[in-house]
Each structure stands twice: as C-alpha cells, then as structure tokens.
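To keep things clear, I will list the structure first and then write my remarks on it.
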Amino acid sequence: MTKTAFDRTVPKFKATLLAAVLAMAGCSEMMNTPTAQSVAALTPSGSVTITEDFVAGLGGGRGTLEYQGRTYPFKVIGTVAGPGGGVEKISASGPVYKLASVADFPGRYTQSTGKAGFSSSSSSDLWLENGSGVIMHLQGTSSGAMLTLGKDEIYIRMDQ
Numbered sequence: 044m045t046k047t048a049f050d051r052t053v054p055k056f057k058a059t060l061l062a063a064v065l066a067m068a069g070c071s072e073m074m075n076t077p078t079a080q081s082v083a084a085l086t087p088s089g090s091v092t093i094t095e096d097f098v099a100g101l102g103g104g105r106g107t108l109e110y111q112g113r114t115y116p117f118k119v120i121g122t123v124a125g126p127g128g129g130v131e132k133i134s135a136s137g138p139v140y141k142l143a144s145v146a147d148f149p150g151r152y153t154q155s156t157g158k159a160g161f162s163s164s165s166s167s168d169l170w171l172e173n174g175s176g177v178i179m180h181l182q183g184t185s186s187g188a189m190l191t192l193g194k195d196e197i198y199i200r201m202d203q
C-alpha cells in the first residue's frame, strides 16, 4: 500500500481527531437528551471523570470510566455548536447509566439543551447520551468563556 503525504505527516491521533470532528459536524439528527426524570428509576452502572480544554469551539481532553471495580482511561474530543469563539476548560464527573459493557461506552455523545449565548466561568450540568443508549450526567466547573448555540457533542475513544 502506498502512503500519501497526508498519511506520512499527520499522526494517527490527529487523523482520528479530524475524522471525528467532521463526522460530528455532519450529523444533523437530534437525539432525545436524557433528563433527571428519565433516569430516576435507574441505578448508575458506573461513574466518569472528564477534563477537557476548548479553543474556538473544538475541545480535547482525557477521562476515566469506573465500571465494575475497574478503571478505564479514554480520550475525549468535543465540539460546541455555534461560532465557538473563546477558550474554556471543563472538569466534570458523574454517574453513567445503562452501561451493559465497556464496549458500549465509546462513541459520539450529544446534548442539545444547553444554554445558548455567551457563557463564562460557571458550573456545568450536562446530560449526554450515545448511540448505544449509554447516558452520562456530568457536573463540574468550567472556566473561561465560550460563545455557543447550546448543543454540545463529545466523541470518546478508549485508550488501548
């Protein structure tokens, strides 16, 4: 197989990051965003901690999933819908629901009920769900400022 100049010069993670961002940007479907009421009868199946930095609407970071007594590290890539101007750092943690297997955890998570407009340092409260039905409720702090339309998406890739 012949490698192109792109293959030789772009590290694997950057290519994965680009592919994930393009995939998220092209998705127009809106998932039903989970709420406290929709998970009230559920027991958390695990917990998650995430730290992510956003610059101009694109973010990257790391996290850990605690599931069945084990810790699983992962990478996070995120976007905010809208102009995305600004810089923001988010540290959040919370319960994970409807996780039957670690294999169901990675993927694209969306949240479309956030605040639209200019947000500055404050607390974060996100309900996210992926295509496998896994739900995360992330609460934490954010510092900095970002212009957004109220829709957030993150892509999770498990570390090897």
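Residues in the sequence shown are numbered from 44 upward in steps of one, following the working numbering.
The C-beta atom is built at its ideal place from N, Cα and C for all residues, glycine as well.
Every value quoted in this text rests on a predicted model; they were computed, and no experiment measured them.
Checklist line | Exposure of leucine 85, with buried meaning 16 or more beta-carbon neighbours within 10 Å | finding: Leucine 85 sits exposed, since fewer than 16 C-beta atoms from the chains shown fall within 10 Å of its C-beta.
Checklist line | Residue-level contact to chain C via CB, leucine 142, 8 Å cutoff | finding: Any reference to chain C falls outside this structure, which holds one protein chain only.
Check: Just curious, the beta strand (DSSP E) that leucine 101 is in, first and last residue?
Finding: Residues 101-110.
Check: Under a three-way DSSP split, which group does aspartate 202 fall into?
Finding: coil
Notebook entry, point to check: From what residue to what residue does the beta strand (DSSP E) around aspartate 96 run?
Noted result: 89-98
Next item on the list: Below 8 Å CB to CB, which residues in the same chain sit around glutamate 72 once its five sequence neighbours on both sides are set aside?
Entry: With a pLDDT of only 46 at glutamate 72, under the threshold of 50, the placement of this residue in the model should not be trusted; the figure read from the coordinates follows. Hits under 8 Å: none found.
Note to self: Closest to proline 87 by C-alpha separation, out of Pro138, Ile93 and Leu101, would be which residue?
What the structure shows: Pro138
Margin query: For phenylalanine 148, list the residues DSSP reports as bridge partners.
Written below: In the DSSP output, where bridge partners are listed per residue, phenylalanine 148 has none listed.
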